[in-house]
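**Student:** Numbering (this note's numbering), first residue to last: 2 to 414. Just so it is clear, CB atoms sit at the ideal spot from N, CA and C, and this is done for glycine as well. Can you keep this structure in mind? I'll have questions shortly.
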C-alpha cells in the first residue's frame with residue numbers, strides 16, 4: 002500500500018454519501034438537547050431549592066453525577082456508534098432524555114431526583130456532541146472540520162436560546178411545570194429529528210493503515226499523554242468558566258457586569274470556532290494542539306494577574322472564550338487527525354472520558370479551593386499552571402505518521 006493509499010484508508014477520504022438532512026437535524030438537536038438537559042438546570046436551581054428545601058450542594062451533586070455517568074457510558078456508546086451508526090443511539094437517547102426530565106420534574110424526594118439525573122447522564126452520552134461528532138466524522142470525511150464547526154456553532158446557541166426561554170417559563174410556571182414543558186419540546190424536536198434524519202446507510206469504516214507497531218492505540222504513549230493533556234486542560238477550562246464571575250466580583254466588578262463578561266466569553270467561544278478551519282489548514286496537528294493548550298494557560302494566567310481595569314478584564318474573558326472555542330474542535334478532531342476514522346467512536350470516547358470527569362468535578366473543586374488558596378486570583382494562577390503542564394504533556398503526544406502509528410484492525414481490536 003502506498004503512503005497516499007494508507008492515508009486515504011486511515012482517514013476515510015474516499016467517496017461517501019453525505020445525507021442532506023443530517024447537518025440541519027444535528028444542529029437543531031444539539032441546541033435543544035444541550036439547552037434543556039444541561040442549561041435549564043442552573044436557571045431553575047434557585048427555584049428548585051427554594052421549593053423543595055433541598056440544599057444547593059445536594060441538587061448540584063445530582064447534576065454532577067449525570068456528567069460523570071455521561072463520561073463512563075460514552076465509552077460503550079462509542080463502540081455502538083462505530084458499528085451501527087448514530088440513528089438508534091441518538092433516538093433512544095432522546096426518548097430516555099424525555100423520560101429523565103419528566104422524572105426530575107415529578108421527583109417527590111432527592112433520591113428520585115438523583116435517579117432522574119443519572120438517567121439524564123445516559124442521555125448526555127447518547128445525544129450530546131460525541132455521537133454527533135462520530136456521525137459527522139464518518140459521513141463527511143475530509144470535509145468534517147467545516148461540518149463540525151457548523152454543529153458546534155449551533156450548539157453554542159443552546160444557552161442563548163434556552164436560558165432565557167427557561168427563565169421566561171419559570172416566571173409563569175413552577176419549576177416542575179417548566180421542566181414538563183421543556184420535556185415536551187425535547188420530545189417534539191429531537192425524537193423525530195434523530196429517527197428520520199439519521200436513516201442514511203452507515204458507511205463502512207475505512208480499513209486502518211498497516212503498521213509495525215502492535216501496541217493498541219488506546220494504550221500507546223501518544224494516546225495516554227494526549228488524554229492526560231486534554232484532562233488537565235479541560236479541567237482548567239471548565240474551572241475558569243465556573244470561577245469567572247466570582248473572580249470579577251472580588252475585583253470590584255458588579256454582578257451584572259460580571260455576568261455580561263461571562264456571556265461575552267461565550268461570544269468569543271463562537272468566534273473561536275469559526276477560526277478553527279483556517280488554523281487547521283495552516284498548522285500541523287502537533288503544533289496547534291500545543292499552541293492552543295498553551296494559549297489557554299496564558300489567558301488564564303492573564304486573568305489571574307491583571308487586576309483591571311474592567312474593560313481589560315472583559316477583553317481577557319473574550320480571548321479565553323476564543324481559545325475555548327478552538328479547543329472544542331481540537332478535541333473533536335484529535336482522533337481522526339492522528340489515527341483515522343476506523344475506531345473513531347470508541348477512541349474518541351476513551352480520549353474524552355477523563356476530561357469529562359474532570360469537567361464534572363470542576364465546579365466542586367473551584368468552590369472548595371478558592372478559600373484555602375487565598376481567593377480567586379490565586380486559584381486562577383493555579384489553574385494556569387495546570388494548563389501549562391497540559392501543554393508540556395501535549396508536546397510528548399506527537400504521532401509520527403499514519404504509516405507508523407495506526408495498528409491494523411486486528412491489532413487494535
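Considering only residues of the same chain and omitting the five flanking positions on each side of residue 235, which have a CB-CB separation below 6 Å?
**Tutor:** Excluding residues within five positions, the ones whose Cβ falls inside 6 Å are 356, 359, 360.
**Student:** If we call anything under 8 Å between Cβ atoms a contact, is residue 472 one with residue 244?
**Tutor:** Residue 472 lies beyond the range of the chain shown here (2 to 414); nothing can be said about it.
**Student:** Pull up the CB-CB distance for residue 336 and residue 314, whole angstroms please, since I reckon it's below 8 Å.
**Tutor:** Rounded, the Cβ-Cβ distance is 36 Å, inconsistent with contact.
**Student:** Alpha carbon to alpha carbon, how far is residue 51 from residue 241? Give it in angstroms, no decimals.
**Tutor:** Taking the straight line joining both Cα atoms gives about 27 Å.
**Student:** Starting from residue 186, follow the alpha helix (DSSP H) in both directions and report where the run begins and ends.
**Tutor:** Note, residue 186: alpha helix (DSSP H), 176 to 198.
**Student:** Only counting runs of 4 or more residues, tell me where the alpha helix (DSSP H) segments fall wholly within the region 55 to 86, in order along the chain.
**Tutor:** Qualifying alpha helix (DSSP H) stretches, in chain order: 57 to 85.
**Student:** Whose C-beta lies closer than 6 Å to the C-beta of residue 232 among residues of the same chain, with five residues either side of it excluded?
**Tutor:** Excluding sequence neighbours, residue 232 sits near 355, 356, 359.
**Student:** Report whether the distance from the Cβ of residue 118 to the nearest heavy atom of the ligand FAD is below 7 Å.
**Tutor:** Among the ligands in the structure shown, none appear at all, so the ligand FAD cannot be discussed.
**Student:** Around the Cβ of residue 71, are there at least 16 other Cβ atoms within 10 angstroms (buried) or fewer (exposed)?
**Tutor:** Buried, by the Cβ-count rule.
**Student:** Can you tell me the Cα-Cα spacing of residue 350 and residue 109, whole angstroms?
**Tutor:** Distance between the alpha carbons of residue 350 and residue 109: 34 Å.
**Student:** Whole angstroms is fine: what's the gap from residue 187's alpha carbon to residue 304's?
**Tutor:** Computed Cα separation, rounded: 37 Å.
**Student:** Measure the C-alpha to C-alpha separation of residue 33 and residue 163 and round it to an integer number of angstroms.
**Tutor:** Rounded to the nearest angstrom, the two C-alpha atoms are 8 Å apart.
**Student:** Could you say if the region 59 to 67 and the region 321 to 336 meet the contact criterion of at least three C-beta pairs nearer than 8 Å?
**Tutor:** Contact between the region 59 to 67 and the region 321 to 336 is absent, because fewer than three Cβ pairs lie under 8 Å.
**Student:** May I have a chain-ordered list of the beta strand (DSSP E) segments no shorter than 3 residues that lie completely inside the region 129 to 156?
**Tutor:** Counting only runs of 3 or more, we get nothing.
**Student:** Alpha helix (DSSP H) containing residue 335: first to last residue?
**Tutor:** Taken as a continuous stretch (DSSP letters only), the alpha helix (DSSP H) holding residue 335 covers 335 to 340.
**Student:** For residue 255, count the other beta carbons within 10 Å of its own beta carbon; 16 or more makes it buried, fewer makes it exposed. Which is it?
**Tutor:** Label assigned to residue 255: exposed.
**Student:** Between the Cα of residue 386 and those of 270, 125, 294, spot the shortest distance and give me the residue it belongs to.
**Tutor:** Nearest option by C-alpha distance: 294.
**Student:** Where are the beta strand (DSSP E) runs, 3 residues long or more, that stay fully inside the region 294 to 347, in chain order?
**Tutor:** None, since the region 294 to 347 contains no complete beta strand (DSSP E) of that length.
**Student:** Leaving out five residues before and five after residue 226 in sequence, what residues of the same chain have Cβ atoms less than 8 Å from its Cβ?
**Tutor:** Once the five neighbours on either side are set aside, the close Cβ partners of residue 226 are 394, 395, 397, 398.
**Student:** Which residue from 117, 62, 198 puts its Cα closest to that of residue 133?
**Tutor:** Among 117, 62, 198, the Cα nearest to that of residue 133 is on 198.
**Student:** Tell me, to the nearest whole angstrom, how far the beta carbon of residue 250 is from that of residue 262; I am working on the premise that it is less than 8 Å.
**Tutor:** That belief does not hold up - the Cβ atoms of residue 250 and residue 262 are roughly 10 Å apart, past 8 Å.
**Student:** Taking only the alpha-carbon atoms, compute the straight-line gap between residue 21 and residue 346 and give it to the nearest angstrom.
**Tutor:** Whole-angstrom Cα-Cα distance: 22 Å.
**Student:** Taking the straight line between their C-alpha atoms, what separation do you get for residue 392 and residue 182?
**Tutor:** Looking at the two C-alpha atoms, the distance is approximately 44 Å.
**Student:** Quick check on DSSP: helix, strand or coil for residue 201?
**Tutor:** If DSSP states are grouped into helix, strand and coil, residue 201 belongs with coil.
**Student:** At which residues does the alpha helix (DSSP H) containing residue 88 begin and terminate?
**Tutor:** Residue 88 -> alpha helix (DSSP H) spans 88 to 107.
**Student:** Quick check: residue 192 and residue 96, are their CB atoms within less than 8 Å of each other?
**Tutor:** Going by C-beta atoms, residue 192 is nearer than 8 Å to residue 96.
**Student:** Which residue comes first and which comes last in the alpha helix (DSSP H) that contains residue 255?
**Tutor:** From DSSP, residue 255 is part of no alpha helix (DSSP H); its letter is neither H nor E.
**Student:** Using the C-alpha atoms, what's the distance from residue 348 back to residue 165?
**Tutor:** The straight-line gap from Cα to Cα measures roughly 36 Å.
**Student:** What three-state label does DSSP hand residue 4 in the structure shown?
**Tutor:** With a pLDDT of 41 at residue 4, under the threshold of 50, the modelled position of this residue cannot be trusted, and the question is left open.
**Student:** Can you look up residue 47 in the DSSP assignment and give me helix, strand or coil?
**Tutor:** Helix, per DSSP.
**Student:** Using a Cβ-Cβ cut-off of 7 Å (strictly less than) and excluding sequence neighbours within five positions of residue 19, which residues of its own chain qualify?
**Tutor:** Excluding positions up to five away in sequence, the list reads 140, 141.
**Student:** So, for residue 459: in the same chain, excluding its five sequence neighbours on each side, which residues have a beta-carbon less than 7 Å away from its beta-carbon?
**Tutor:** The structure shown does not extend to residue 459, since the chain spans only 2 to 414, so no value can be given for it.
**Student:** In this structure, does DSSP put residue 221 in helix, strand or coil?
**Tutor:** Coil.
**Student:** Under three-state DSSP, which class holds residue 274?
**Tutor:** Of the three classes helix, strand and coil, the one that applies to residue 274 here is helix, per DSSP.
**Student:** Which residue from 79, 177, 271, 400 puts its Cα closest to that of residue 319?
**Tutor:** Comparing Cα positions, the closest option is 271.
**Student:** What is the residue span of the alpha helix (DSSP H) that residue 160 lies within?
**Tutor:** That run of the alpha helix (DSSP H) goes 159 to 173.
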